[in-house]
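Student: In this note's numbering, the protein residues as written are 27 to 246. Note that CB positions come from ideal geometry on N, CA and C, so glycine has one too.
(1) Out of 60, 89, 117, 84, state which residue places its alpha-carbon closest to the alpha-carbon of residue 99.
(2) If you follow the alpha helix (DSSP H) that residue 76 is in, where does it begin and where does it stop?
(3) Which ranges would you report for the alpha helix (DSSP H) in the stretch 88-152 if only whole runs of at least 4 residues count?
(4) Mind checking whether residue 71 and residue 108 have CB atoms under 8 Å apart?
(5) Going along the chain, which residues of its own chain have a beta-carbon closer than 8 Å to the beta-carbon of residue 238, five neighbours each way excluded?
(6) Return the first residue and the last residue of the alpha helix (DSSP H) that residue 191 is part of.
(7) Among 222, 205, 215, which residue has its Cα nearest to the Cα of residue 185?
(8) By how many angstroms is the C-alpha of residue 197 removed from the C-alpha of residue 225?
(9) Just the C-alpha distance for residue 230 and residue 130, rounded to the nearest angstrom, thanks.
(10) My understanding is that residue 60 touches residue 95, with C-beta atoms under 8 Å, so please give their C-beta distance in whole angstroms.
(11) Whose C-beta lies closer than 7 Å to the C-beta of residue 167 among residues of the same chain, with five residues either side of it excluded?
(12) Could you work out which residue in 32, 123, 205, 37 is closest to residue 153 when comparing CA atoms only?
(13) Can you tell me which of the three DSSP states residue 154 falls into?
(14) How would you call residue 203, buried or exposed, if buried means at least 16 neighbouring beta carbons within 10 angstroms?
(15) Can you tell me whether residue 207 is helix, strand or coil according to DSSP?
(16) As a quick exercise: from 219, 82, 74, pick the residue whose alpha carbon is nearest that of residue 195.
(17) Give me whichever residues DSSP pairs with residue 33 in a beta bridge.
(18) According to the neighbour-count rule (16 or more other Cβ atoms, all chains shown, within 10 Å of its Cβ), is residue 28 buried or exposed?
As structure tokens, then:
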């Protein structure tokens, strides 16, 4: 299974976003993960449409908008309009999840769904036909730099089984606490997209080293 590395912009230097985006692009990142937080669904506020719009022409890799916001259906089309290739919404924030996923696809983007650590996979059983990505949160959303929650591992494995049974090409991504110690566990459990923030952007030997070592560790 090919492992994809998706650096999380949440851990970048907000005073040098263009520099950091160009750096991970040059280092071979497969996509850029954009944690959009509203201070309501999660206890933090990050960035939104104006910032992402300015960054779109700084990289040619896919932009993944991870909407940690209430009522994502009210604004998700705007993220597609400014160039986001995928939009991920949370099960917990989407009252009409099936409709919201259809809305993402109709807007022209890939559709993903994220599940918080306490949320069971049964919540997405009836929307598998609408999904391009299942995002397993391995920390509680809202802040970067948190420790990996090990109970995410059996959940990742179960998600991989669900995908195989569905016969569909659905990515399984993991967000939170992904580093050189946890990446191989996550990949072995069945994830093919590793979202890494602090490990990549805070790596003392540079983003190139961080991205390459993550990929090599998982594929070895």
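Tutor: From the atom records:
(1) 117
(2) 75-81
(3) 102-107, 123-133
(4) The answer is no: Cβ separation not under 8 Å.
(5) So the list reads 53, 54, once near-sequence residues are dropped.
(6) 178-192
(7) 215
(8) 22 Å
(9) Cα-Cα distance, rounded: 38 Å.
(10) At roughly 12 Å, the Cβ-Cβ gap does not stay under 8 Å, so residue 60 and residue 95 are not in contact.
(11) 68, 94, 142
(12) 123
(13) helix
(14) buried
(15) coil
(16) 219
(17) BP columns for residue 33 point to 222.
(18) Label assigned to residue 28: exposed.
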